[in-house]
Structure formats: C-alpha cells, structure tokens
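This report refers to the structure that appears directly beneath it.
In this note's numbering, the protein residues as written are 8 to 448.
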C-alpha cells in the first residue's frame with residue numbers, strides 16, 4: 008500500500024491556537040514536503056548510524072537519516088516545548104479541530120497528533136505527527152512554495168537538528184558471518200529495542216525460500232571494494248551475495264573460474280523464477296543464498312531505497328534462455344507495485360537477470376568494461392554487469408516488514424552470478440514513494 012503524506016498536511020495536527028501564540032504553542036517544525044530523497048532521489052534519510060551492529064547490540068542510538076535513538080522512557084522535549092532550530096524561518100500548521108482553540112502541547116499526557124507519542128514520552132511537537140522520538144532527521148535542501156529553504160528541525164526530539172550520524176561499517180571483516188554485520192555493510196545499523204522502536208527486528212542468512220542455510224560461507228562477503236573500479240555507495244563496506252563465491256580475483260576463497268558450487272539444489276519462492284516473455288524458462292534453482300531482514304520503519308518514513316549491482320557470467324551467451332540466474336528483493340507484506348513481492352525489476356517488469364534492460368557493463372556496452380576489471384568477471388570468462396541501480400519502495404510509518412535479498416543459479420549450477428548491495432536508507436519528508444528501479448545518478 009502506497010503511503011502518502013499530503014503536501015499540505017504533514018500528519019495529524021490538532022492545534023488551533025491564536026496566531027500570535029502558535030509559534031510557541033505548537034513549536035516550529037521548519038520542514039517542508041519538498042525535501043529531496045523521495046521517489047528515486049537517495050538524499051533524504053541517507054547517512055550512517057551508530058551502534059555496534061556486528062555484535063547485535065546498539066551502543067547508542069541512531070538512524071539511517073541521522074540523529075540519536077530515543078525512547079519514551081528516556082527522551083524529553085526541549086525546555087520550551089519547541090522542536091529546535093526555529094529562529095531562521097518560523098513555520099506552523101493549523102489543522103482541523105472541532106473542539107475549538109486548543110494548545111496541542113498544553114496536556115503532556117495526551118497524544119494530540121496521533122503519532123503514538125505524548126509530551127511525557129518525549130514528543131517535542133505534538134502538533135506534528137512527523138515529529139517524535141520515533142522519527143528520523145530530515146535534511147531539507149529544496150525551497151518550499153515560498154521560495155525559501157525551511158529552517159532545520161528536530162524531527163526526533165533529541166534536542167539537535169539535522170544531526171546525521173556517520174556510517175557504522177568501517178571495521179567489518181570480509182568473512183564476518185554475523186547477519187547483523189551484513190545489515191551494517193548494507194547501511195542498516197540500528198537494532199530495534201522492542202515494539203514501538205524502529206530498526207532491525209531480525210536478521211539472518213537463509214535460502215531463497217527463507218529456509219535455513221548451511222555450508223554457504225563463501226557465498227556472502229563484506230567487501231570494501233569490488234575489483235579495481237567499484238567502491239561502496241555508502242560507508243566503507245558493501246554486502247556481496249553470489250551463486251558462486253562472493254570474492255573477487257586474488258582474494259582468499261576466490262572461485263578462479265566461472266563456476267563454483269555452494270548451497271546446492273534449492274526451492275524458489277512462490278512465483279519464481281520469473282519467466283521473461285518470449286524466453287525459455289526453468290523452475291529449477293541451485294546455489295541460492297539470501298539475507299533476510301525484518302525491519303520496523305521510523306514513524307515519519309514514507310519509503311526506503313537501496314542500491315545494487317548485478318554481475319553474471321551468463322552474459323551474453325545465455326541471454327533469453329532457460330539458464331537465466333536471477334536476483335530479487337522479496338518484501339512481505341508485498342507493497343503495491345511489486346511483482347509477487349519483488350521490488351527490483353526493470354521498466355518492462357523483467358526480473359534482474361541477463362535479460363534486464365540495464366545490462367550496460369560489457370564489451371561493446373554503453374559503460375564499457377572498466378567495472379569488470381579485477382573482479383574475475385573480466386578474466387575467468389567474458390561477462391557483464393548492470394552498474395549501480397537504485398530501487399525504491401513505499402512503507403508506512405512504524406510498519407514492520409521483511410525484505411529478503413536473494414540470488415540463485417537458474418536451470419543448473421554453472422555460470423555464476425553475483426550481486427553487490429549497499430546504501431539502504433529510509434525516505435522521509437513527505438510525498439509519495441513508488442516501487443521502481445533505475446540507474447543510480
């Protein structure tokens with residue numbers, strides 16, 4: 008279901024005080040729905056977090072959009088009840104209130120804006136459902152309808168504004184097998200402390216259908232680079248999944264050939280492998296591997312985005328055959344616009360395989376072969392890749408969902424494929440987010 012926050016009403020505002028008093032009564036959120044990062048723009052909600060994801064604990068709280076974690080038990084509003092950072096450009100909203108003129112911060116025991124937080128629980132602006140300790144910071148860089156860039160606001164009520172935190176993946180080992188470390192490499196670090204708190208609820212390596220996996224240690228890795236010319240999109244590391252070995256040429260455990268074996272015969276999720284129109288299909292999959300994350304969204308999130316880059320030895324020999332390895336990002340509950348729950352596919356609804364429209368890295372392709380250099384996909388056989396793509400999908404604020412990043416060999420166990428994953432970020436700040444994939448940049 009697409010989550011839309013109307014441009015003129017950011018959440019529930021039950022504040023109808025006299026204009027002369029509104030700036031103090033309601034606080035001034037200083038934000039605008041025109042912030043970038045909605046749709047396929049990755050700028051909002053990006054940035055790192057703190058917390059030690061590799062140990063499964065959060066050593067400080069944070070969010071993908073920046074700012075510190077807050078909980079009803081520990082966070083308090085600013086002393087004057089405002090959201091902070093308001094002097095430059097005061098803003099406030101007047102919402103419908105059949106009860107007459109009411110100061111929406113007057114009763115700290117009430118949740119006036121319906122966001123699940125009261126003033127007593129740390130909500131520093133109970134006039135705005137997008138402002139509370141369960142939100143993420145939103146950096147607005149685009150002018151609003153007055154032509155001005157709104158003043159920074161304290162969306163998560165920690166007393167600071169636009170406090171984006173650094174990435175948390177700077178000290179991850181290539182062979183770290185903790186799935187929370189894989190999430191950190193992907194750009195997700197904050198672990199939920201329980202119901203009502205956003206972040207990682209669960210993380211595990213699985214087969215493509217969600218079953219337990221064993222003996223697949225070389226099919227995943229946390230890489231600081233991929234070959235000579237491909238770097239992470241965020242932070243210092245990225246997650247690599249492969250139907251062969253998730254190692255590039257020269258690394259310990261490299262495949263050294265176009266085919267290596269891993270988890271063996273597998274079972275595809277319902278609706279997969281997805282057939283491509285006019286191409287031969289197959290129902291058999293092998294050497295499948297996946298990272299499955301259960302996440303709870305921040306209260307002001309409208310969606311999320313992540314980057315991926317798909318490589319395959321099947322290109323170009325096996326285009327439009329029954330041997331088309333596939334990569335999917337399977338979401339449950341399935342968002343509107345997904346295909347059988349998969350959110351990563353091209354404009355023709357083709358799954359990510361050698362048949363995808365974005366296969367632009369190869370000899371004779373638009374982007375040439377530089378991104379193959381040093382990966383093994385340039386020396387062990389001819390091959391190709393997509394370069395970095397970005398996928399977006401909608402989510403409701405506070406919603407819990409599962410996303411399974413999965414790759415497999417289709418039809419046999421030969422001619423391996425690999426996917427790089429990085430830069431997961433929450434999208435917030437208003438506007439509609441749709442399921443879609445396009446080239447990064």
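From the three backbone atoms N, C-alpha and C, an ideal C-beta is built for every residue, glycine too.
For residue 345, no alpha helix (DSSP H) segment is defined, and its DSSP state is neither H nor E.
Beta-bridge partners assigned by DSSP to residue 407: 303. Counting the other Cβ atoms within 10 Å of the Cβ of residue 383 gives 16 or more, which makes it buried. It is roughly 9 Å from the alpha-carbon of residue 218 to the alpha-carbon of residue 212. Taking C-beta atoms under 8 Å as the contact rule, residue 308 and residue 433 qualify, at a distance of about 5 Å. The beta carbon of residue 344 lies closer than 7 Å to those of 441, 442 in the same chain, with the five residues before and after it left out.
Under a 10 Å Cβ-count criterion, residue 310 is classified as buried, with 16 or more other Cβ atoms of the shown protein chains found around its own Cβ. Excluding residues up to 5 positions away in sequence, 212, 213, 214, 270, 296 lie with their Cβ nearer than 7 Å to the Cβ of residue 220 in the same chain.
Under the DSSP assignment, residue 187 falls in the alpha helix (DSSP H) whose first and last residues are 186-193. Here residue 398 is bridged, per DSSP, to 313, 444.
Secondary structure note for residue 209: its beta strand (DSSP E) is the uninterrupted segment 206-213. In the DSSP assignment, residue 170 is bridged to no other residue. If you look at residue 432, you'll find it in the beta strand (DSSP E) that goes 424-435. The C-alpha of residue 202 is placed about 41 Å away from the C-alpha of residue 364. Residue 238 and residue 231 have their C-alpha atoms roughly 7 Å apart. Assignment of residue 217 by DSSP, reduced to helix, strand and coil, places it in the coil class.
Less than 8 Å divides the Cβ of residue 332 from the Cβ of residue 250. Three or more Cβ pairs drawn from the region 130-145 and the region 158-172 lie within less than 8 Å of each other, which places the two stretches in contact.
Residue 414 and residue 369 have their C-alpha atoms some 21 Å from each other.
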